[in-house]
Amino acid sequence: MDRIIVKPSGPLHGDVEINGAKNSALKVMAACSLAEGTFFLTNVPDITDVRLMSELLVSLGMTVRSVDTNSLEITNPGNLTAEAPYELVEKMRASIVVLGPLLARYGKARVALPGGDDFGPRPIDMHLRGLEMLGAKFASEHGYIDGHCERLRGSRIVLEFPSVGATENIMMAAVLADGTTIIENAAREPEIADLASFLNRMGSSVLGAGTSTIVIEGFGETRSCGTRCCP
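For the sequence shown, the residue numbers in the numbering used here are 5 to 235.
Dropping the structure here:
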């Protein structure tokens, strides 16, 4: 088809419902690993990636229940299994964002590399460098990233470019770190601001989300809450 011809049809009437953004819902779901309790998420898109993230959370030890087509009830009982298996991560690269919160909460995390073993530069390297600046240490073998830390501490982190995933991973880890974390050259996408709003509802202090400089005050404690995912 070379062209599309649009003809006037007169006034339009009716209502349109805008579903929640996938990139917001997936990261908010991952953030539920930061605190014990039950979370209520609304305006969650009914799509494959959300179902895959639900499977990942269940594999960690949480329960995920569909309240209706676009609402989820997620319960975190605490004492999760801090490992994201390859068979789930390979289906959805966004799974890597559980690395930061699991590491901050449990002092360890084992997450499969989205592309398996890769000896060249990897998109995840920026995530790892940011988390290392908070005090984490990593080893990579057999297609997995193994991370551990005694206690994360706030730091000033300048990203090489405004990576959305790295910004989110660092933000989620920093809310449980000691002290202040400043992320410069941070991603400014709407889902960053939505995740920050969710973290603040959990009792954190995240300022500047949506700008290139984000300031996180680590409190070391978070709580369950509810939120509506942004469209």
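Just so it is clear, CB atoms sit at the ideal spot from N, CA and C, and this is done for glycine as well.
Keep in mind it's a predicted model, so treat the numbers as computed, not measured.
Please report the straight-line C-alpha distance between residue i and residue j, rounded to a whole angstrom.
{"i": "residue 161", "j": "residue 226", "result": "22 angstroms"}
{"i": "residue 146", "j": "residue 13", "result": "59 angstroms"}
{"i": "residue 206", "j": "residue 87", "result": "23 angstroms"}
{"i": "residue 38", "j": "residue 9", "result": "51 angstroms"}
{"i": "residue 139", "j": "residue 25", "result": "32 angstroms"}
{"i": "residue 221", "j": "residue 155", "result": "15 angstroms"}
{"i": "residue 173", "j": "residue 105", "result": "7 angstroms"}
{"i": "residue 122", "j": "residue 179", "result": "Its pLDDT being 47, under 50, residue 122 is placed unreliably in this model, and the value from its coordinates should be taken loosely. In a straight line, the C-alpha of residue 122 is about 30 angstroms away from that of residue 179."}
{"i": "residue 141", "j": "residue 17", "result": "57 angstroms"}
{"i": "residue 80", "j": "residue 15", "result": "49 angstroms"}
{"i": "residue 127", "j": "residue 75", "result": "31 angstroms"}
{"i": "residue 137", "j": "residue 186", "result": "11 angstroms"}
{"i": "residue 91", "j": "residue 175", "result": "26 angstroms"}
{"i": "residue 184", "j": "residue 200", "result": "15 angstroms"}
{"i": "residue 124", "j": "residue 218", "result": "Unreliable positioning characterises residue 124 in this predicted model, as indicated by a pLDDT of 49, which lies under 50. The coordinate reading is nonetheless provided below. Their Cα atoms are separated by approximately 30 angstroms."}
{"i": "residue 134", "j": "residue 19", "result": "44 angstroms"}
{"i": "residue 62", "j": "residue 22", "result": "27 angstroms"}
Quick check: residue i and residue j, are their CB atoms within less than 7 angstroms of each other?
{"i": "residue 115", "j": "residue 132", "result": "no"}
{"i": "residue 107", "j": "residue 151", "result": "yes"}
{"i": "residue 66", "j": "residue 78", "result": "yes"}
{"i": "residue 234", "j": "residue 99", "result": "no"}
{"i": "residue 168", "j": "residue 191", "result": "yes"}
{"i": "residue 231", "j": "residue 196", "result": "no"}
{"i": "residue 43", "j": "residue 209", "result": "no"}
{"i": "residue 45", "j": "residue 64", "result": "no"}
Have a look at the options and flag the residue whose alpha-carbon is nearest the alpha-carbon of residue i.
{"i": "residue 203", "options": "47, 31 and 16", "result": "31"}
{"i": "residue 153", "options": "188, 109, 230 and 19", "result": "109"}
{"i": "residue 93", "options": "148, 44, 130 and 81", "result": "148"}
{"i": "residue 35", "options": "57, 52, 22 and 20", "result": "57"}
{"i": "residue 158", "options": "182, 166, 165 and 164", "result": "182"}
Contact criterion: CB-CB distance below 7 angstroms. Does residue i meet it with respect to chain D?
{"i": "residue 107", "result": "No chain D is part of this structure, which consists of one protein chain only."}
Considering just the uninterrupted stretch of the alpha helix (DSSP H) at residue i, what are its terminal residues?
{"i": "residue 189", "result": "Taken as a continuous stretch (DSSP letters only), residue 189 belongs to no alpha helix (DSSP H), as it is neither H nor E."}
{"i": "residue 31", "result": "26 to 35"}
{"i": "residue 129", "result": "129 to 137"}
Taking residue i as part of the beta strand (DSSP E), name the residues at either end of that continuous run.
{"i": "residue 222", "result": "217 to 222"}
{"i": "residue 145", "result": "141 to 145"}
Inset, instruction - Kindly provide the ranges of any beta strand (DSSP E) runs that are 3 or more residues long and lie completely inside the stretch 35 to 92, ordered along the chain. - result: 41 to 46, 67 to 72 and 75 to 80
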